[in-house]
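Below is one structure, written out as structure tokens, with a few remarks after it.
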Amino acid sequence: MVTVTRLGEREQYACEICGYQYTDRNWAEQCEAWCRANSSCNLEIIAHGAPPAARTDAGDQSVGSV
Ligand SMILES: [Zn+2]
-18 MVTVTRLGER EQYACEICGY QYTDRNWAEQ CEAWCRANSS CNLEIIAHGA PPAARTDAGD
42 QSVGSV
């Protein structure tokens, strides 16, 4: 499932797997489908989005419970 974040008037959609953020839900869904199937990102898809700002290292999603 694509993660939806509300930004004022707009919504932003994030790929649950790689965390890339999109303003267009279609790209987020395509990204997630690709990431799930290939365990990597499709450069042509992520070109439409923005990298996750909150994370420093790609792949580490277990932050904050130390
Ligand atoms: Zn993705």
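Residue numbers (this note's numbering): -18 to 47.
The beta-carbon is built from N, C-alpha and C at its ideal position, and this holds for glycine as well.
Note that the coordinates shown come from a computational prediction; the quantities given were computed from them, not determined experimentally.
- Does the stretch 27 to 36 come within contact of the stretch 0 to 8, defined as at least 3 CB pairs closer than 8 Å? yes
- Answer with buried or exposed for glycine -11, where buried requires no fewer than 16 other C-beta atoms within 10 angstroms of its C-beta. exposed
- Considering only residues of the same chain and omitting the five flanking positions on each side of threonine -14, which have a CB-CB separation below 6 Å? Gln(-7)
- Query: To the nearest angstrom, how far is it from the Cα of alanine 31 to the Cα of threonine 4?
  - Reply: 9 Å
- Could you check what DSSP says for alanine 34 in three-state terms: helix, strand or coil? coil
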